[in-house]
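Be aware that the sequence shown starts at 8, since it is given in our numbering, and climbs by one per residue. Heads up, the beta-carbon is just placed ideally off N, CA and C, and yes, glycines get one too. Just below is one structure, and these are the notes that go with it.
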Amino acid sequence: MLGVLALTIGIVVLVDRLYGHSTIAFAAAIVLLLIANAPMLRFNCPRCGKNAFFRGMFAVPWPNRVCTRCGLDLDAANSQKR
Ligand SMILES: [Zn+2]
């Protein structure tokens, strides 16, 4: 996720330097970020559905290993799915 973010910023800066200020580059970057965030937003607890990236009111850039609501081990739950 952080790699994608860095890559996105890199692309925006690169396109900006090559072609000048471009709204297309920013639009593309936003689309890229949405694509990168799509699997993150689907990463929910299989038992209670709580998003693993939220700890209380705060969103974190890495998923919880244990569900903060029901205590389910998300590492084990996800390795079972694969
Ligand atoms: Zn849960």
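Of the residues N58, A32, Y26, which one's Cα is nearest the Cα of R76? Here residue 76 refers to the residue found at position 69 when the sequence shown is read from its first residue. Checked all of N58, A32, Y26; the closest Cα to R76 is N58.
Does the separation of the CB atoms of T15 and L40 fall below 8 Å? The residue labelled residue 15 in the question sits at position 8 within the sequence shown. The residue labelled residue 40 in the question sits at position 33 within the sequence shown. In this structure, L40 lies closer than 8 Å to T15 by Cβ.
State the DSSP-derived secondary structure class of N44, mapped to helix, strand or coil. Translated into positions along the sequence shown, residue 44 becomes position 37. Helix at N44.
Collect the residues with a C-beta less than 6 Å away from any heavy atom of ligand 1 and give them in sequence order along the chain. C52, R54, C55, K57, C74, R76, C77, L79
May I have the straight-line CA-CA distance separating G10 from V38, to the nearest angstrom? Within the sequence shown, residue 10 is the residue found at index 3, counting from 1. Within the sequence shown, residue 38 is the residue found at index 31, counting from 1. Approximately 16 Å between the Cα atoms of the pair.
Backbone CA spacing between L21 and N44 [nearest angstrom]: Counted from its first residue, the sequence shown places residue 21 at position 14. Counted from its first residue, the sequence shown places residue 44 at position 37. C-alpha separation (whole angstroms): 22 Å.
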